[in-house]
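Enquirer: The sequence shown lines up with residues 3 to 134 when you count with the working numbering. C-beta: ideal position from N, C-alpha, C; glycine also. My questions will all concern the structure given below.
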Amino acid sequence: MDYQRAAALWQQMWQGLRGADPLPTLTFLQPDTFASAFAVSELAATSIGLASQALSDLLGQSRPVSVNVRLASRWFQHSVVPLNRPPAALWDEFAGDYASADGWIRLHTNAAHHRAAMEQVLGQQANRAALA
Numbered sequence: 003m004d005y006q007r008a009a010a011l012w013q014q015m016w017q018g019l020r021g022a023d024p025l026p027t028l029t030f031l032q033p034d035t036f037a038s039a040f041a042v043s044e045l046a047a048t049s050i051g052l053a054s055q056a057l058s059d060l061l062g063q064s065r066p067v068s069v070n071v072r073l074a075s076r077w078f079q080h081s082v083v084p085l086n087r088p089p090a091a092l093w094d095e096f097a098g099d100y101a102s103a104d105g106w107i108r109l110h111t112n113a114a115h116h117r118a119a120m121e122q123v124l125g126q127q128a129n130r131a132a133l134a
């Protein structure tokens, strides 16, 4: 866990919510983080810490807050589930690796213009099997 980044996030979030009020202590437990180019675990832990501290203050029980980083990270990983439809596919139907005459080709068709380029070269296909 990048404690320096988490501390900076905590300070920015607290000042955004409470202005010049003194910055309370936030303790991180189980600092296991997800491998990511972005500070997902730090954001998860500090935002949950901010909500917890705000609730503690609202209830008049202001005391230091501790956040389990591992659990906060897992919550951020699985908390978005659409209510009225299935989740969107992470990959386009045609994205993937295909055998070719001289080896393999990897098609990245998640972006509409990439799929259009693929269809322009290989033609429109009904499904992945037809494309292969």
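1) Threshold first: 4 residues or longer. Then list the alpha helix (DSSP H) segments lying entirely within the region 3 to 31, N to C.
2) Tell me the start and end of each unbroken alpha helix (DSSP H) in the region 40 to 122 that is at least 4 residues and wholly inside, in chain order.
3) Considering only heavy atoms of the ligand ATP, does any lie closer than 6 Å to the CB of R87?
4) Output the boundary residues of the alpha helix (DSSP H) element that contains A132.
5) Counting beta carbon pairs with one atom in the region 69 to 85 and one in the region 107 to 115, are three or more of them shorter than 8 Å?
6) Only counting the same chain, and skipping five residues up and downstream in sequence, which positions put a Cβ closer than 8 Å to that of L52?
7) Using 7 Å as the threshold, is the C-beta distance between Q126 and R72 below it?
8) Measure the CB-CB distance between R130 and F96 and report whether it falls below 7 Å.
Expert: In short, the structure shows the following:
1) 5 to 20
2) 42 to 60 and 71 to 80
3) In the structure shown, the ligand ATP is absent, as is every other ligand, since no ligand is present at all.
4) R130 to L133
5) no
6) W12, M15, W16 and L19
7) no
8) Cβ distance < 7 Å, so R130 and F96 count as in contact.
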